[in-house]
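Inspection log for the structure reproduced underneath, given as structure tokens.
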Amino acid sequence: MDAKTPLPPPVIDLGDLTLRRFDADTDLPEFLRVVEESREHLRPWAPWASGRSPSRTIEFLGSRAQLWDDGKDFTYAIVLNGAIVGSCGLYRHDDTPPDGCEIGYWLHPAASGRGVATRAARALAAEAFRLPGVEWVEIVHDPANHASGAIPARLGFTVRCRRPAERLAPAETGEDQIWRLTRSQAARTHAIPSDGPHATPPDRSQDRPEDRLQGSR
Numbered sequence: 126m127d128a129k130t131p132l133p134p135p136v137i138d139l140g141d142l143t144l145r146r147f148d149a150d151t152d153l154p155e156f157l158r159v160v161e162e163s164r165e166h167l168r169p170w171a172p173w174a175s176g177r178s179p180s181r182t183i184e185f186l187g188s189r190a191q192l193w194d195d196g197k198d199f200t201y202a203i204v205l206n207g208a209i210v211g212s213c214g215l216y217r218h219d220d221t222p223p224d225g226c227e228i229g230y231w232l233h234p235a236a237s238g239r240g241v242a243t244r245a246a247r248a249l250a251a252e253a254f255r256l257p258g259v260e261w262v263e264i265v266h267d268p269a270n271h272a273s274g275a276i277p278a279r280l281g282f283t284v285r286c287r288r289p290a291e292r293l294a295p296a297e298t299g300e301d302q303i304w305r306l307t308r309s310q311a312a313r314t315h316a317i318p319s320d321g322p323h324a325t326p327p328d329r330s331q332d333r334p335e336d337r338l339q340g341s342r
């Protein structure tokens, strides 16, 4: 990505909830703890929850800055009331067309069922549509992971297709379900803010148990 191309903001302030760019040095101890405490919660659907050692987590966090600057991977810490409770991001894989982005997210079990993932995904979709040339965003998850599927459904995404996928986690079915939201759909439904400041006020009506598990491929 060209150095002059706008990037998402490093901090998205949502009141009691903040999405902010990771600092590999200062965030490492807390992030290691959150990952370790979340393993059993995420293991059914997240392959990395079984296999990521502390050294791999350190490597992961240390690589975020360059990927962000390259415009490939915008990974945020999810911070609730001052504490890191998970991670989310906008991603462009090698096979992602230039007019699209993918949203992923995961939460510590103590933060689940409180609308956090829904609010984070909504804010990320809004930021994606502020990037030049982005016309759609997707959320990808296993179709058996109904918790993840509830989030894009609530935000106005529609199911685009299913595709074969390698089974890498215990509960996976061997398929991916792809949800897509286009810029025109977002404008029509108003589920995703399309302009204004980088903030979404707390919405307690979204506090539902469906936010318990992550969406990503």
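For the sequence shown, our numbering gives the first residue as 126, with consecutive numbering after it.
For glycine and all other residues, C-beta sits at the position ideal for the given N, C-alpha and C.
(request) May I ask you to report which of helix, strand or coil DSSP gives serine 175? (result) If you number the sequence shown from 1, residue 175 lands on position 50. In the structure shown, serine 175 sits in a helix (DSSP, three-state: H, G or I).
(message) Whole angstroms are fine: how far does the CA of tryptophan 304 sit from the CA of glycine 321?
(response) Locating residue 321 in the sequence shown gives position 196, counting from the first residue. Locating residue 304 in the sequence shown gives position 179, counting from the first residue. In this prediction, glycine 321 has a pLDDT of 42, which is less than 50 and means its spatial position is unreliable; nothing more can be read from the coordinates.
(message) Which residue marks the beginning of the beta strand (DSSP E) containing histidine 266, and which one marks its end?
(response) Numbered from 1 along the sequence shown, position 141 holds the residue referred to as residue 266. 261 to 266 is the extent of the beta strand (DSSP E) around histidine 266.
(request) Mark glutamine 191 as exposed unless 16 or more other C-beta atoms lie within 10 angstroms of its C-beta, in which case mark it buried. (result) Here residue 191 refers to the residue found at position 66 when the sequence shown is read from its first residue. Exposed: under 16 other Cβ atoms inside 10 Å.
(message) Residues in the same chain with beta-carbon distance under 7 Å from threonine 314, minus the five sequence neighbours each way, listed in chain order, please.
(response) Translated into positions along the sequence shown, residue 314 becomes position 189. Excluding sequence neighbours, threonine 314 sits near Gly281.
(message) Pull the bridge partners of glutamate 227 from the DSSP assignment, please.
(response) Residue mapping note: residue 227 aligns to position 102 of the sequence shown, counting from 1. According to DSSP, glutamate 227 bridges with Tyr216 and Glu263.
(message) Applying the 10 Å Cβ sphere with the 16-neighbour rule, what's the burial state of cysteine 286?
(response) The residue labelled residue 286 in the question sits at position 161 within the sequence shown. Result: exposed.
(message) Rounding to the nearest angstrom, what Cα-Cα distance links threonine 243 and alanine 235 in this structure?
(response) Counting from 1 along the sequence shown, the entry for residue 243 is found at position 118. Counting from 1 along the sequence shown, the entry for residue 235 is found at position 110. Roughly 15 Å between the two C-alpha positions.
(request) Would you give the residue range spanned by the beta strand (DSSP E) that glutamate 68 belongs to? (result) Residue 68 cannot be examined here, being either before or after the span of the chain that is shown, 126 to 342.
(message) Can you list, in chain order, the residues of its chain with a C-beta nearer than 6 Å to that of arginine 308? Leave out the 5 residues immediately preceding and following it.
(response) Position 183 of the sequence shown, counted from the first residue, corresponds to residue 308. Counting only Cβ-Cβ distances below 6 Å, and skipping sequence neighbours, we find Phe254 and Glu260.
(request) Note down, in chain order, each residue of its chain lying with its Cβ closer than 8 Å to the Cβ of aspartate 224, except the 5 sequence neighbours on either side. (result) The count along the sequence shown starts at 1 and reaches residue 224 at position 99. So the qualifying residues of the chain are Gly258, Val259, Glu260 and Trp261.
(message) Short of 8 Å in beta carbon distance, which residues of its chain neighbour isoleucine 183, apart from the five on each side in sequence? Order them along the chain.
(response) By 1-based counting over the sequence shown, the position of residue 183 is 58. Within the same chain, isoleucine 183 has close Cβ partners Leu153 and Leu157.
(message) Between Asp194, Val284, Phe199 and Val160, which has its C-alpha nearest serine 180's C-alpha?
(response) Mapped onto the sequence shown, residue 180 falls at position 55. Of the listed residues, the one whose Cα sits closest to serine 180 is Val160.
(request) Tell me where the alpha helix (DSSP H) around threonine 243 begins and ends. (result) As a working note, residue 243 is residue 118 in the sequence shown. Residues 241 to 255.
(request) Give the straight-line distance between the Cα atoms of serine 163 and phenylalanine 199, rounded to the nearest whole angstrom. (result) As a working note, residue 163 is residue 38 in the sequence shown. As a working note, residue 199 is residue 74 in the sequence shown. One C-alpha to the other measures close to 21 Å.
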